[in-house]
Ligand SMILES: CC(C)(COP(=O)(O)OP(=O)(O)OC[C@H]1O[C@@H](n2cnc3c(N)ncnc32)[C@H](O)[C@@H]1OP(=O)(O)O)[C@@H](O)C(=O)NCCC(=O)NCCS
């Protein structure tokens, strides 16, 4: 949970994609992790907190969990989120449909 001045503003979730029971990411190798990130209120966005959350989450995936890659699944139409992830070193991998959602998967590879 992310807080600003003691107030919860958003969350970030780290997911071991190969191990989590719903198999949301399908059949992936050990070492593949995924991140979900959300800041709830429009007024709390665009203040740099999301980037701090994302960088901390990626660092934790890599340094604590030994992730060899980190995936995110923004909606294909969410071009602002694409920019956000690319600024943090993620690269687009390709389109993918999750449930009813058209997404554009991005990947971060440590050391790249
Ligand atoms: C994406 C998100 C986590 C970024 O956190 P943030 O604190 O707003 O981001 P920062 O202040 O660190 O960086 C600003 C950048 O975030 C992105 N951003 C800001 N508001 C956004 C919004 N409403 N939707 C999507 N991306 C947004 C943009 O890339 C923005 O840069 P820009 O102004 O040049 O377009 C946050 O805006 C959010 O939760 N948005 C709505 C939900 C969402 O799209 N989540 C991603 C799902 S994969």
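Numbering (my numbering), first residue to last: 539 to 650.
Every residue gets a Cβ at the ideal spot worked out from N, C-alpha and C, and that includes glycine.
One Cα belongs to residue 648, the other to residue 552, and the distance between them is close to 16 Å. Of the candidates 650, 626, 620, the residue whose Cα lies closest to the Cα of residue 641 is 620. Placement of the Cβ of residue 546 at a distance of 6 Å or more from every heavy atom of ligand 1 is found.
Exclusion of the five residues before and after residue 568 leaves 556 as the residues of its chain whose Cβ lies within less than 7 Å of its Cβ. Beta-bridge partners of residue 572 (DSSP): 553, 609.
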